[in-house]
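Sequence positions in the sequence shown follow mature numbering (1 follows the signal peptide of the UniProt record, and there is no 0) and run -18 to -1, 1 to 231.
Let me begin by presenting the structure, written as structure tokens, before commenting on it.
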Amino acid sequence: MPPYLIVLAILFYLPAWNDKFVLGSDSIADRPTIPTANSFTVSNDHSRRRLRSSKKTGEFRSESSDAEEKTLVSWAKNKIWLKTGKSEEYVANKLGLKDLTKEAQKVHSNNKRFQKFLYGREGLELDDIVKRGASKDKMWRQYGLDDVPLEELTKNEGFKTYVRFMARYDASIYSQYKEGIMKNIWWEYQYLSPGQHYANILVWAKANRSTKYVKKALGLDHSGWNYKYYEEFLRLTEKNRWFKRKTLD
């Protein structure tokens, strides 16, 4: 593997490895028993079976290592393409997708990598849009969401992108709020459509925003007009907590 890929792997994968150690058990009782000399006093037949088993295990580990290395290389290449601003056409060509139809692309082995690249590039574009100060209403209209019924929003691709935009937008507002730069944050969240409020709720619940922050954002210090959105936020937050508890049990 090229050295630059190894460096990238260490930088980005180290936290994930640490998580595995934290979640895993490291007590002596859970560690494998160290074999003694007596454990190797077995018959020749048994020894041969163990040898064959070891070979199979070695082959399995080799295949597993190869798969992990390929995944790591693919991940690193995507990161590099994003960092260096490679175009959609460039990446499609590199992945052998350039001259394929949409249908052929969908069944191609590299399509998943290509979709991850597009998703990452969209995220970088949204970062730039937020930095340039794009308005929420403009983005809502740009994705054609004015005429989409509330109950159908979560299935709409434009809405999913808008939620990604709002996650970045809210992160900026939250940072200013924590630093004391912006105190009247409800100014940023007033006069919104029900769909826009719903997007905000999804963002706040996923980001684990405090009830104090959400109340201020909804202007509940001044009026109870948006209280129904606060109740929905509490419901989603509790649902997320239940899911986390269920996952850890």
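Cβ coordinates follow ideal geometry from the N, Cα and C atoms, glycine included.
Fair warning: this is a prediction, and the values are worked out from it, not measured in the lab.
Please go through the same chain and pick out, in chain order, the residues whose beta-carbon is closer than 7 Å to the beta-carbon of residue i, but skip the five residues on each side of it.
i: arginine 95; result: Ser56, Asn60 and Leu77
i: asparagine 222; result: Ala187
i: valine 196; result: Trp186, Tyr212 and Phe215
i: threonine 219; result: Ala187
Tell me whether residue i sits in a helix, a strand or coil according to DSSP, three-state version.
i: proline 176; result: helix
i: serine 192; result: coil
i: lysine 221; result: helix
i: tyrosine 125; result: coil
i: methionine 148; result: helix
i: tyrosine 211; result: helix
i: alanine 74; result: helix
i: asparagine 60; result: helix
i: serine 157; result: helix
i: alanine 116; result: coil
i: threonine 53; result: helix
i: serine 29; result: For serine 29, the predicted structure reports a pLDDT of 49, less than 50, and the residue's modelled location is therefore unreliable. A value from the coordinates is still provided. Here serine 29 sits in helix by DSSP.
i: tyrosine 101; result: helix
i: glycine 140; result: helix
i: aspartate 81; result: coil
i: lysine 165; result: coil
i: valine 89; result: helix
i: lysine 68; result: coil
i: aspartate 203; result: coil
i: valine 185; result: helix
From this set, the options, which residue's C-alpha is nearest residue i's C-alpha?
i: lysine 188; options: Trp207, Met148, Gly201 and Gly206; result: Met148
i: glutamate 70; options: Gly126, His204, Glu107 and Arg114; result: Glu107
i: lysine 194; options: Leu82, Phe215 and Gln178; result: Phe215
i: lysine 52; options: Leu79, Ser91, Ala74 and Glu85; result: Ser91
i: glycine 115; options: Asp203, Leu218, Glu220 and Glu170; result: Glu170
i: phenylalanine 141; options: Arg123, Lys98 and Arg223; result: Arg123
i: alanine 58; options: Glu139, Lys98, Glu85 and Ile167; result: Lys98
i: lysine 198; options: Tyr156, Glu220 and Thr219; result: Tyr156
i: arginine 217; options: His204, Trp207 and Asn190; result: Asn190
i: tryptophan 207; options: Glu220, Thr83 and Trp168; result: Trp168
i: glycine 67; options: Glu220, His204 and Asp110; result: Asp110
i: histidine 204; options: Asn166, Thr219, Ser192 and Glu220; result: Asn166
Which whole-angstrom value is the C-beta distance of residue i and residue j, which I expect to be below 8 Å?
i: valine 112; j: serine 154; result: 6 Å
i: glycine 177; j: leucine 100; result: Not really, about 25 Å apart at Cβ, beyond 8 Å.
i: tyrosine 151; j: lysine 118; result: 7 Å
i: residue 244; j: alanine 86; result: Outside the displayed range of the chain (-18 to 231) lies residue 244, so it cannot be described from this structure.
Ordered along the chain, which non-local residues of its own chain (more than five positions away) have a Cβ less than 8 Å from that of residue i?
i: glutamine 172; result: Gly201
i: threonine 143; result: Glu104, Leu108 and Tyr125
i: arginine 146; result: Glu104, Gly105 and Leu108
i: leucine 82; result: His90
i: tyrosine 72; result: Trp63
Got a sec? Which residues, its chain only, sit under 6 Å from residue i by beta carbon, not counting five neighbours each side?
i: glycine 102; result: Leu64
i: glutamine 158; result: Met164
i: valine 130; result: Asn138
i: asparagine 93; result: Gln87
Is it the case that the segment 198 to 212 contacts the segment 176 to 188, given that we only count it when at least three CB pairs across the two stretches are under 8 Å?
As far as the Cβ criterion goes, the segment 176 to 188 touches the segment 198 to 212, which means the pair count is three or higher.
Closer than 8 Å is the cut-off here; do at least three beta carbon pairs connect the segment 161 to 170 with the segment 132 to 139?
With the cut-off at 8 Å, the segment 161 to 170 and the segment 132 to 139 do not touch.
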